[in-house]
Each structure stands twice: as C-alpha cells, then as structure tokens.
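Below is one structure, written out as structure tokens; the observations come after it.
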Amino acid sequence: MQGAALSGLIKLMEIGHIDERDELLRYKKDIINIIGRVFSKNIDKTIYIRYKLYYRLTGDVSEALYYLMKSLEMEVLYNLFIDNNIEDIILIPGKFIYITTKEGKQKTGIYVTSNIVNRFLLLARAKGLKLLQSNPSFRYGLSLGPLRLRISIDLPPIVAAPHIYVRIHRGVKTLEDLVVSGLLDRNDAVLIYREVAERRKDLIVAGPPGSGKTTLLQAIDLELPRWLQRVYIDEADEFIDLPDFNQIKINSVNKLKEIFSSMNRNIDLFIIGELQYPEHFEAYRAARAIGLQALGTMHAADLGKARSRLADSRIDQDNIVIVQLKKEYKDKIIRRIAEIHVG
16 MQGAALSGLI
26 KLMEIGHIDE
36 RDELLRYKKD
46 IINIIGRVFS
56 KNIDKTIYIR
66 YKLYYRLTGD
76 VSEALYYLMK
86 SLEMEVLYNL
96 FIDNNIEDII
106 LIPGKFIYIT
116 TKEGKQKTGI
126 YVTSNIVNRF
136 LLLARAKGLK
146 LLQSNPSFRY
156 GLSLGPLRLR
166 ISIDLPPIVA
176 APHIYVRIHR
186 GVKTLEDLVV
196 SGLLDRNDAV
206 LIYREVAERR
216 KDLIVAGPPG
226 SGKTTLLQAI
236 DLELPRWLQR
246 VYIDEADEFI
256 DLPDFNQIKI
266 NSVNKLKEIF
276 SSMNRNIDLF
286 IIGELQYPEH
296 FEAYRAARAI
306 GLQALGTMHA
316 ADLGKARSRL
326 ADSRIDQDNI
336 VIVQLKKEYK
346 DKIIRRIAEI
356 HVG
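Residue numbers are given in my numbering: position 192 of the sequence shown equals residue 207, and the series is strictly consecutive.
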C-alpha cells in the first residue's frame with residue numbers, strides 16, 4: 016500500500032491528476048495520508064503544496080481544504096472556516112469557541128482544547144516568530160487554500176493563557192462589491208476613485224477594529240493601474256498575491272530602508288497594512304517624502320481622532336484622503352463609511 020500511495024503522489028506531482036478509472040484510486044486514503052507528510056522549505060510553501068496536491072486528488076475545494084486542515088491537526092475548525100457567515104473565531108483555553116458573524120458574537124458548542132491552541136503556536140514558531148514574554152502580543156498571516164487568515168495571539172503575562180483571534184478573509188472585494196454590500200455608496204466610490212486613482216492623493220482608511228479597513232484598502236488598490244510598482248508592508252500577510260500586479264511584499268517595517276535605498280527610482284506606490292507603532296508612521300512619512308503615493312489603515316473611533324492621531328505622528332494632512340469607517344451594532348453588525356476628509 017505504501018508503494019501504491021507513493022506512485023499516486025508521484026502521478027499527482029507529475030501529471031496533475033489521477034484518472035477516475037486508475038487502480039491507484041483504491042489507495043486514496045493512503046495517498047491522503049502521505050500528502051500530509053510532504054514538507055517544503057518553509058511552512059507557507061508546505062501548506063501551499065499540500066493543498067495543491069489534495070485539490071489535484073479530489074478536484075474539490077472544500078474536500079481539499081478539509082484534508083489540508085486535518086494534516087495540520089486543525090480539522091475541528093473546518094466547519095467554522097467554511098461557513099461564509101463567520102468573520103472571526105476566538106479561542107481561549109478552557110472555554111467554548113466564540114465566533115463573530117454579521118449578527119454579532121455567538122458561542123459555539125466547540126470546546127477549546129490546549130491541542131488546537133498549540134497548533135496556532137506551533138505555526139507561529141514555524142513562521143519564525145519568537146514566543147517570549149518580551150513579545151507577548153503578535154500576529155501573522157496564514158493561507159489555507161481559498162482562505163486567508165489573520166491570526167492575532169496574546170500570551171502571558173498580558174493574559175492568563177494564550178488567546179487566539181482568527182480573522183477570516185474570503186477573497187478580495189472590489190469597490191463595486193462594497194457598494195452592493197452597503198459599506199459605501201456610489202458617490203463615495205466615485206469620490207475615492209477620483210481623488211486616489213486619478214489625482215493620486217495619499218490615503219488613510221481609519222476605523223475601529225473589524226470595521227472593514229483592510230477590505231476597503233484592498234478594493235481601492237485594485238482600482239489603481241496594475242503596472243504600478245507596489246511595495247507593501249504586510250506584517251500580517253493580508254494582501255493576496257495578484258499575478259497581473261507588480262507587487263513587492265515585505266513582512267517587517269524594519270526592512271523598509273533597504274527597499275527604499277535599492278529601488279527608490281522604481282517604486283510608484285507604498286501600502287502599509289496598519290499604521291500602529293511609531294516606526295509605521297515614520298515609514299509612511301518617508302514614503303511620502305520621496306514622492307511615493309502612500310496608502311494605509313489606522314485605528315480611530317472617529318474622523319477627529321484620526322486627524323489628531325496623524326497630527327501627533329507628524330503626518331502632513333495636505334494632499335491626503337481620510338476615509339473614516341463606522342461599525343454599528345443593531346440587529347446585525349453594520350459597517351459603513353461615516354465621513355470622508357479630502358485634504
């Protein structure tokens with residue numbers, strides 16, 4: 016059986032599929048198990064290859080995702096991950112999993128074990144993150160087939176036990192998609208396109224946590240010319256790879272000086288996932304200072320607080336568009352643009 020499974024794996028790698036009449040399909044279970052022991056040079060590449068092989072074997076996105084998650088010992092979360100209504104998953108050891116949907120937060124019947132929490136900690140280590148008391152709060156991105164996750168982790172001493180927060184991104188939305196969903200109206204879309212895409216003004220998308228800042232920023236990015244040389248500070252790995260776009264991604268703001276010094280004549284567009292710490296604001300200022308169009312997101316409860324935070328961080332607000340998002344809790348969670356400031 017081991018030999019048959021290896022033959023099946025080789026066929027998937029070389030040909031890309033196993034014919035439904037092929038005798039090797041009798042050993043599908045063994046092939047699934049052996050794919051789960053495939054490793055590459057890093058965890059992201061390992062996950063990518065496994066998913067690709069599972070998809071070639073099954074021809075089904077959902078089935079391939081399940082086997083991938085099983086190979087990572089995360090299959091207990093599978094039904095939550097494939098539920099399009101679920102946006103966030105909260106895991107606290109010894110408690111039931113909480114989820115966030117458009118209707119608000121809900122408790123599930125799934126108990127959080129130390130094993131599932133440890134899987135996320137192991138993935139963090141595999142991505143090179145150090146789990147230290149001096150770094151008790153961090154985040155990373157993870158691509159699982161069709162899903163893109165942003166995983167935030169809090170560790171002792173700031174919490175009693177590791178807390179895991181998973182944000183699920185299901186594809187990239189366009190501005191038209193967001194008009195249909197109600198995040199913005201058509202007049203907002205026209206104004207943003209005119210000021211950012213046509214007049215090439217800088218941009219800050221501000222709002223409270225979970226208000227759709229990154230979703231809107233990615234939609235605006237799609238409206239800009241594909242040929243522009245983009246540099247992303249993407250510390251949480253939230254921006255997807257777009258084959259037709261000219262993208263450079265760096266996962267740490269500390270590497271920015273090297274990028275600017277080596278490519279300052281070739282970069283057109285600078286995008287930072289979140290302006291959070293002083294070094295992020297410094298990078299945003301530096302990009303504008305050398306003439307790059309700069310886009311980013313930032314936490315702020317309202318437009319006044321957004322402008323104050325930018326002023327405190329010495330960000331000149333001339334030639335900048337600030338889109339302030341709002342998150343309201345009614346019968347369901349409503350996300351929408353509250354105000355737009357054009358400088």
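From the three backbone atoms N, C-alpha and C, an ideal C-beta is built for every residue, glycine too.
Helix, strand or coil for residue i per DSSP?
i: A139; result: helix
i: V127; result: coil
i: A175; result: coil
i: F296; result: helix
i: R245; result: strand
i: G119; result: strand
i: G109; result: coil
i: M89; result: coil
By Cβ distance, which residues of its chain are closer than 8 angstroms to residue i, with the 5 residues on each side in sequence left out?
i: R351; result: G197, L198, L199, L340, K341 and E343
i: Y70; result: V76, A79 and G160
i: T216; result: Per the sequence presented here, residue 216 reads as Lys, with Thr not at that position. Cβ neighbours of K216 beyond the five flanking positions: E210, Q308, N334, I335, V336, V357 and G358.
i: L162; result: L80, F96, I183, H184 and R185
i: S129; result: P108
i: L206; result: I355 and V357
For a quick check, are the C-beta atoms of residue i and residue j less than 7 angstroms apart?
i: I131; j: T123; result: no
i: V127; j: I104; result: no
i: R165; j: E88; result: no
i: Q262; j: V187; result: no
i: I287; j: K117; result: no
i: I101; j: H178; result: no
i: Y299; j: L290; result: yes
i: V53; j: I62; result: no
i: I47; j: L68; result: no
Return the residue from the list the options that minimises the CA-CA distance to residue i.
i: A301; options: Y292, F285, Y93 and R65; result: F285
i: I265; options: G156, K345, M84 and I207; result: G156
i: S152; options: D169, L144 and L136; result: D169
i: E238; options: H178, L193, G143 and I248; result: L193
i: A304; options: G51, D331, I349 and A175; result: D331
i: A353; options: K347, K228, D236 and I248; result: K228
i: E297; options: N281, S328 and G306; result: S328
i: V338; options: R245, L231 and E289; result: L231
i: A321; options: Y247, L218 and E294; result: L218
i: P240; options: E289, A212 and L318; result: A212
i: D346; options: K142, G119 and N48; result: G119
i: D317; options: T189, I355 and Y292; result: I355
i: R154; options: K67, S167, D236 and K44; result: S167
i: Q148; options: Y93, P172 and I46; result: P172
i: N14; options: P224, D249, W242 and H295; result: With the chain represented from 16 up to 358, any question about residue 14 goes unanswered, as that position is not in the structure.
i: S226; options: I47, T312 and V181; result: T312
i: Y292; options: A204, L68, E250 and P258; result: E250
i: M84; options: Y66, T73 and P223; result: Y66
Who are the near neighbours of residue i in its chain, counting only those whose CB is closer than 7 angstroms to its CB and skipping five residues on each side?
i: I125; result: V91, F111 and I112
Note down, in chain order, each residue of its chain lying with its Cβ closer than 6 angstroms to the Cβ of residue i, except the 5 sequence neighbours on either side.
i: Y247; result: F254, K264 and I286
* Asked: On the three-pair Cβ rule with 8 angstroms, is the stretch 96 to 113 touching the stretch 55 to 66?
  -> Proximity of the stretch 96 to 113 to the stretch 55 to 66 falls short of the contact definition, fewer than three beta-carbon pairs being nearer than 8 angstroms.
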